[in-house]
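The block underneath contains the structure these notes are about, expressed in structure tokens.
There are 2 protein chains.
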Amino acid sequence: MAASKPTIDDIEAAAGRLAGHAVVTPLLESPLLNETLGGRLLVKPECLQLTGSFKFRGAFNKIRRLSDGQRARGVVAYSSGNHAQGVAAAARMTGAPAVVVMPEDAPRIKIENTRSWGAEVVTYPRRGADRETIAAEIAAERGLSPVPPYDDDDIIAGQGTVGLEIAAECGDRGVTPDAVAICCGGGGLSSGSAIALRAAFPDCDLHTAEPEGWDDTARSLETGERVRIDDARPSICDALLAPTPGARTFAINRELMTSGAVVTERQAIDAMAAAHRFFKLVAEPGGAVALASALAGEVPVAGRTVVAVVSGGNVDAALYAELLAGAS
Amino acid sequence: MAASKPTIDDIEAAAGRLAGHAVVTPLLESPLLNETLGGRLLVKPECLQLTGSFKFRGAFNKIRRLSDGQRARGVVAYSSGNHAQGVAAAARMTGAPAVVVMPEDAPRIKIENTRSWGAEVVTYPRRGADRETIAAEIAAERGLSPVPPYDDDDIIAGQGTVGLEIAAECGDRGVTPDAVAICCGGGGLSSGSAIALRAAFPDCDLHTAEPEGWDDTARSLETGERVRIDDARPSICDALLAPTPGARTFAINRELMTSGAVVTERQAIDAMAAAHRFFKLVAEPGGAVALASALAGEVPVAGRTVVAVVSGGNVDAALYAELLAGAS
């Protein structure tokens, strides 16, 4: 059975829906950092997106594609935090009630912000409960439409607008990237962006970026089959803790990705510090792994032009200050 | 004697020179913060500008306007840090050697970055030496062209592109701001932006924003004459420590500004924390005073649409972490 996949047309349609609602984030670069790297590094700062991560894009596209009746009944989502905020904001902006199922140990700022957007938050213990089941039960009981975190064509198309914008701005500036590195949890951002980037740059290397211990996509790209990580450890990169790639997202990534980069927590934290110093951006640990892959040489920048997506910036101030003080 | 003043045409010409070199920074907003404020706050994040502050704009415009011979001989500037980096970067990008005179207690990151851009840095003690005199001597000895920090038509026109971009994006989005708050040291950014903003929005309130103790422009706007502050204390807002408004900048500000807002250090630090939380931006203390003026109610947001310029983000990581941890 050949599953349908979002096309570049679907991503352009999503961009049309998002126009005037989402921030078109600019590509940033630091000539000083470029000099150190011996190449050109462009950063796509999705931490500046509404709700502090790219997740708003997919959620808004998905909810806008529901029928009026579905929207009026409401939506339900599960998320460790960034998707939660994206759904809550998109639901509010489109007039849909929202319920969000979140792990009880999600960063405080993410839970607080989700509630502030008017969503009802249902928490669960990260170990021992299945959030998909909880969300499915709530959906059935209340007649709510699910807004999946990544494995959905409308979500993939929405997140793909990040890649579409990268391609458009590179085109405007006469830049042809040699490689693009994209943070990867379940694979919505990477697969959607890959569709848009591959359409614009047939020869560009495309890399997912994941934290050590949660490198299910990198391993799956190596083997060609979806790998599930069963011995997953706690990680500071809370935004990227999917144990296995999505079926739809992986079908796309397997076709379009060059390979998966993997970085250590230390490299992610150092990338947060680099985002602070060179780009004046607040990056959260998971949001910094693609930048880390470029800075650490996993995706080489020397002699090349590389784009790295900083996918989110939702990190508690106290933790941020602690990490910044401890970065090398 | 009627001094010439930059016109909107000069600012548009500066924007043309900067095109492809400076970042066109997007207006950002946080609906969550808007709800708290009961109005609409748009932030112009000039911390994302090349070299981490708006200063690159004026320096680049000034150096591009020199003759080829002048550029080949080189430029000299004095600065507590952000102008230094802006001049160093603009000089490098236009092929001009640069000497920058900096106080020895300027933030380390600003001195380091200025050197990294290839400029020769000459330091002096902040008390007891006159940096203008030192710079003038170096200019005379070596035949260098001065790049003044603010009181110069080309500098004013370059910084004015910030206001021009605000007006353009507001126009695109159908937004008519009720007020714009702009960080003010010597007045280059505020006066240049005021020319562009007044041309677009005849009825908009325009406010300079300064830190307590360094409110020379606010006091000068009240009295109508340039006030000099003689009892100036050390301030965490190192970017804004001009003891008196520029002659040219004040002539413009006196005509165009509604009034000057003044904020405490505590309010500036809280605005840095708000920039972190709501906008994922690294703001330096001086760069946050216009945002602080809006958050603290000095420039009221309730029931209105207000734009605040975050003018820079060059703050050492250790100090940033300390301030963030201590913000209320």
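Chains as they are written, first to last, in our numbering: chain L, 1 to 328; chain S, 1001 to 1328.
Here a beta-carbon is modelled for each residue, glycine too, at the ideal position from N, C-alpha and C.
### Message
Taking the beta strand (DSSP E) that H207/L belongs to, which residues open and close that run?
### Response
Note, H207/L: beta strand (DSSP E), 205 to 211.
Original post:
What is the rounded straight-line gap between the Cα of G342/L and the Cα of V100/L?
Top reply: A query on residue 342/L cannot be resolved here, the shown segment of chain L reaching from 1 to 328 and no further.
> Using the rule of at least 16 other Cβ atoms within 10 Å of the residue's Cβ for burial, across every protein chain shown, is D1216/S buried or exposed?
Replying inline: Burial call: buried.
- Query: At a CB-CB cut-off below 7 Å, which residues of chain S make contact with H83/L?
  - Reply: Those within 7 Å of H83/L in chain S number zero; the least Cβ separation is about 17 Å.
Beta carbon proximity, L1281/S to chain L, threshold 8 Å: Yes, L1281/S lies at the interface with chain L (some Cβ there is under 8 Å from its Cβ).
_Nonlocal neighbours in the same chain, by C-beta distance under 6 Å from A1321/S, ignoring five residues either side_ = Take A1321/S, set aside five residues on each side of it, and no residue of its chain has a beta-carbon closer than 6 Å to its own.
Notebook entry, point to check: Are V43/L and L27/L close, meaning C-beta to C-beta below 8 Å?
Noted result: With respect to L27/L, V43/L sits close: the two C-beta atoms are nearer than 8 Å.
* Express the C-alpha separation of F278/L and A1196/S in angstroms, rounding to a whole number. => Within the model, the alpha-carbon separation for A1196/S versus F278/L is close to 29 Å.
With 8 Å as the threshold, decide whether the Cβ of A1089/S is near any Cβ in chain L. Cβ-Cβ to chain L under 8 Å: yes for A1089/S.
### Task
Go through its chain and collect everything with a Cβ distance to A2/L's Cβ below 7 Å, but skip five positions before and after it.
In this predicted model, A2/L has a pLDDT of only 47, less than 50, meaning its place in the structure is not dependable; the value taken from the coordinates is given anyway. Excluding residues within five positions, none has a Cβ falling inside 7 Å.
_For G1160/S, tell me which candidate among A1135/S, G1188/S, V1227/S, V1147/S has the shortest Cα-Cα distance._
Among A1135/S, G1188/S, V1227/S, V1147/S, the Cα nearest to that of G1160/S belongs to G1188/S.
**Study point:** CA-to-CA distance, A72/L to A273/L, given in whole angstroms
**Key:** About 43 Å.
Same chain, Cβ closer than 6 Å to Q267/L, neighbours up to 5 away in sequence not counted:
Closer than 6 Å at the Cβ level, and outside the excluded window around Q267/L, lie A292, A296.
field: Spatially closest choice to A949/S from D1316/S, N1314/S, E1298/S, by CA coordinates
entry: The structure shown does not extend to residue 949/S, since chain S spans only 1001 to 1328, so no value can be given for it.
Looking at C-alpha atoms only, which residue of V301/L, T94/L, A88/L, V309/L is the closest neighbour of N34/L?
Closest option to N34/L, Cα to Cα, is V301/L.
Self-check item: CB contact below 8 Å: R1277/S versus chain L
Solution: So, interface residue.
>> Taking the alpha carbon of R219/L as the reference point, which residue from A290/L, C184/L, R64/L, I138/L has its own alpha carbon closest?
In response: Here the closest residue by C-alpha is C184/L.
P26/L versus chain S: which residues are under 8 Å apart at the beta carbon? By Cβ distance, chain S contributes V1023, V1024, T1025, P1026, L1048.
Exercise. Classify E104/L as helix, strand or coil using the three-state DSSP reduction.
Key: In this structure, E104/L counts as coil in the three-state DSSP scheme.
| query | Going along chain L in order, which residues have a C-beta closer than 8 Å to the C-beta of G1286/S? | reply | By Cβ distance, chain L contributes nothing, its closest Cβ being about 14 Å from G1286/S, past 8 Å.
Check your understanding: Near R1304/S, what residues of its chain come up, given a Cβ to Cβ distance below 6 Å and the 5 sequence neighbours on each side ignored?
Key -> The beta carbon of R1304/S sits closer than 6 Å to the beta carbons of G1039, D1178 from its chain, once the five residues preceding and following it are set aside; these are given in chain order.
- Let me know the beta strand (DSSP E) ranges lying completely inside the segment 1298 to 1324 of chain S, each 3 residues or longer, listed in chain order. DSSP assignment within the segment 1298 to 1324 of chain S yields the following whole beta strand (DSSP E) runs of 3 residues or more, N-terminal first: 1305 to 1310.
Touching by the beta-carbon criterion (3+ pairs, under 8 Å), the segment 124 to 135 of chain L and the segment 5 to 25 of chain L = Output reads no: the segment 5 to 25 of chain L does not touch the segment 124 to 135 of chain L.
query = Are the beta-carbon atoms belonging to P1245/S and I1229/S less than 8 Å from one another?
reply = No, these two residues do not count as a Cβ contact at 8 Å.
Would a C-beta distance cut-off of 8 Å place Q70/L and S145/L closer than the cut-off? Yes; because the gap between Cβ atoms is below 8 Å, this pair is in contact.
**Request:** Output yes if chain L places a C-beta closer than 8 Å to the C-beta of A1273/S; else output no.
**Result:** True, the Cβ-Cβ gap to chain L drops below 8 Å.
### Limits of the unbroken alpha helix (DSSP H) element including T1133/S
According to the DSSP assignment, T1133/S belongs to the alpha helix (DSSP H) that extends over 1131 to 1142.
Given the structure, does R57/L come close to the ligand PLP, in the sense that its CB is under 7 Å from one of the ligand's heavy atoms? Ligands in the displayed structure: none, and consequently the ligand PLP is not present.
Original post:
Under 8 Å between C-beta atoms, does P300/L make it to chain S?
Top reply: At a cut-off of 8 Å between beta carbons, P300/L makes no contact with chain S.
Strictly below 8 Å CB to CB, what residues from chain S border S116/L?
Within 8 Å Cβ-Cβ: L1032, E1035.
Legend entry - Contact check, E212/L vs V262/L, beta carbons under 8 Å: With contacts defined by Cβ atoms closer than 8 Å, E212/L and V262/L form a contacting pair.
| Excluding five sequence neighbours on each side, which residues of the same chain lie with their C-beta closer than 7 Å to the C-beta of A1088/S? | Counting only Cβ-Cβ distances below 7 Å, and skipping sequence neighbours, we find A1098, V1100, T1114, W1117, G1118, A1119.
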